[in-house]
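Heads up, the sequence shown is in the working numbering, so the first residue is 22 and it goes up one at a time.
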Amino acid sequence: MIEVRNLTKAYGRTVAVDALGFEVRPGSVTGFLGPNGSGKSTTMRMIMGLDRPDTGEARIGGRAYRDLAWPLREVGALLEARTFHPGRSAHHHLAALAAAGGIASRRVGEVLETVGLSAVAHRRAGKYSLGTAQRLGIAAALLGDPAVLLFDEPVNGLDPQGVRWIRNLMRSLAAEGRTVLLSSHLIAEMALTADHLVVIGRGRLLADTTVRELTRGGGSLEEAFFRLTGGSAEYRGTGADPSAGLTEADCAPPATGPACIRAGRMALTPTGSAPGPPSDDRAAHREAPAPGQRPHHGVPRRGSAEHEERHS
22 MIEVRNLTKA
32 YGRTVAVDAL
42 GFEVRPGSVT
52 GFLGPNGSGK
62 STTMRMIMGL
72 DRPDTGEARI
82 GGRAYRDLAW
92 PLREVGALLE
102 ARTFHPGRSA
112 HHHLAALAAA
122 GGIASRRVGE
132 VLETVGLSAV
142 AHRRAGKYSL
152 GTAQRLGIAA
162 ALLGDPAVLL
172 FDEPVNGLDP
182 QGVRWIRNLM
192 RSLAAEGRTV
202 LLSSHLIAEM
212 ALTADHLVVI
222 GRGRLLADTT
232 VRELTRGGGS
242 LEEAFFRLTG
252 GSAEYRGTGA
262 DPSAGLTEAD
272 CAPPATGPAC
282 IRAGRMALTP
292 TGSAPGPPSD
302 DRAAHREAPA
312 PGQRPHHGVP
322 RRGSAEHEER
332 HS
């Protein structure tokens, strides 16, 4: 389980994350949505102990990341794809992580097979396409068979077959009882993958609810997303104002957010209030190696890097 409590982070005068709080429970895929620069990557970095919050805390299984007895065996994360030495092969990279984390060497071959990299496991990773590099990052996150997993935009660079594979993988991991936090800018894909959603804008919580509840009025997740985030990002083009035409029914909880405020359909609340200008959400700078020594329960072995390599 992941717990985020009153998490705040500022870079100079720019507030990237503002008193943010939510929980990610085991057994389901929690989607983490927000406009670019809304604070998603910064939040995930603070959960993983890569950035220090100004106030608040993030806990994994009841403890801060720095206090985990065996961090490489308890949580895995993909925060950025290319965090490996370009001169190393995928096999070498994963073997080094396994040795450092006290993880059985047999797991290297298992996760390479899981992510479809067996055929290119001994090629230099610096030659990989973005999609293949993403697969290597996912393999590293899964290496220790961890109970808690964080994925920041894992479908970047993947072809449609790879995107579908990610969807099946995320749902399979959750079905095994793991805690899965997944950020993505592909809203339609998130609707097919996530069970629960945490939506943020300008570093603040806009919604913490199920996909079904957020779309219960019959609209799409995309429509609900733009309603929530209309005051947290600038959308350009004809008909770009997400608050246009909103009714009181549209803005009934949990569909509360800046767009509803702009439409004059609800009172200003802490959840709906909009802070200062959008922050530049800092990209992750390293991938946290995967933990976990629990028995592996058969993550689906789907997809292949060869197709992506041929089309890169």
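Ideal placement from N, C-alpha and C gives every residue a C-beta, glycine not left out.
- As the crow flies, the alpha-carbon of Tyr86 is around 21 Å from that of Leu115.
- Residue burial is scored here from C-beta neighbours: Arg84 has fewer than 16 other C-beta atoms within 10 angstroms and is therefore classed as exposed.
- Note on geometry: alpha-carbon atoms of Leu213 and Val184 lie some 11 Å from one another.
- With respect to Leu164, Arg199 sits apart: the two C-beta atoms are not nearer than 8 Å.
- Going by DSSP, Val129 is part of the alpha helix (DSSP H) stretching over Arg127 to Thr135.
- Residues Arg26 of the same chain have their beta carbon placed closer than 6 Å to that of Glu78, with the five preceding and five following residues left out of the count.
- In the displayed model, Leu118 falls within a helix according to three-state DSSP.
- Between the segment 149-156 and the segment 170-185 there are three or more inter-stretch CB-CB distances shorter than 8 Å, so the stretches are counted as touching.
- Leaving aside the five residues that flank Asp229 on each side, the residues in its chain whose CB is nearer than 6 Å to its CB run, in chain order, Phe43 and Val219.
- Under the three-pair Cβ rule at 8 Å, the segment 102-115 does not count as touching the segment 67-81.
- Contact holds between the segment 87-105 and the segment 119-135, because three or more Cβ pairs, one in each stretch, are under 8 Å apart.
- Distance from the CA of Ala161 to the CA of Arg223, rounded to the nearest whole angstrom, comes to 30 Å.
- Following the DSSP letters along the chain, one finds Glu101 in no alpha helix (DSSP H), marked with neither H nor E.
- Secondary structure note for Ser49: its beta strand (DSSP E) is the uninterrupted segment Ser49 to Leu54.
- When the alpha-carbon of Gly33 is set against those of Asp75, Leu41 and Arg145, the nearest one is in Asp75.
- Collapsing the DSSP output to three states places Ser193 in a helix.
- Asp39 is classed as buried because its beta carbon has at least 16 other beta carbons within 10 Å across all chains shown.
- Judged by beta-carbon spacing, Met65 lies within the 8 Å limit of Asp173, meaning their Cβ atoms are closer than that value.
- Looking from the CA of Ser205, the closest CA among Lys61, Val45 and Ala142 belongs to Lys61.
- In the DSSP assignment, Ala31 is bridged to Val36.
- With respect to the 8 Å criterion, Arg225 and Leu28 are not classified as neighbours on the basis of their beta carbons.
- Pro56 is positioned such that its CB atom lies no closer than 8 Å to that of Thr236.
- As the crow flies, the alpha-carbon of Arg248 is around 16 Å from that of Arg233.
- If you draw a straight line from the Cα of Glu243 to the Cα of Ser126, it comes to about 43 Å.
- Proximity to Pro167 across Gly137, Leu89, Arg188 and Ala37 peaks at Leu89, based on C-alpha coordinates.
- Excluding five sequence positions before and after Asp216, the CB atoms of its chain that fall closer than 6 Å to its own CB belong to Ser49 and Val50, given in chain order.
- In the structure shown, the three-state DSSP call for Val176 is coil.
- Residue pairing by DSSP leaves Thr64 without any beta bridge partner.
- Residue Gly97 holds the alpha-carbon nearest to the alpha-carbon of Val132 among Met211, Gly97, Asp72 and Leu71.
- The shortest C-alpha to C-alpha distance from Ser59 to any of Ser241, Gly240, Leu227 and Arg192 is the one to Leu227.
- When the alpha-carbon of Leu71 is set against those of Arg103, Lys30 and Val45, the nearest one is in Lys30.
- Under the 10 Å beta carbon count, Ala196 is surrounded by fewer than 16 other beta carbons and is classified as exposed.
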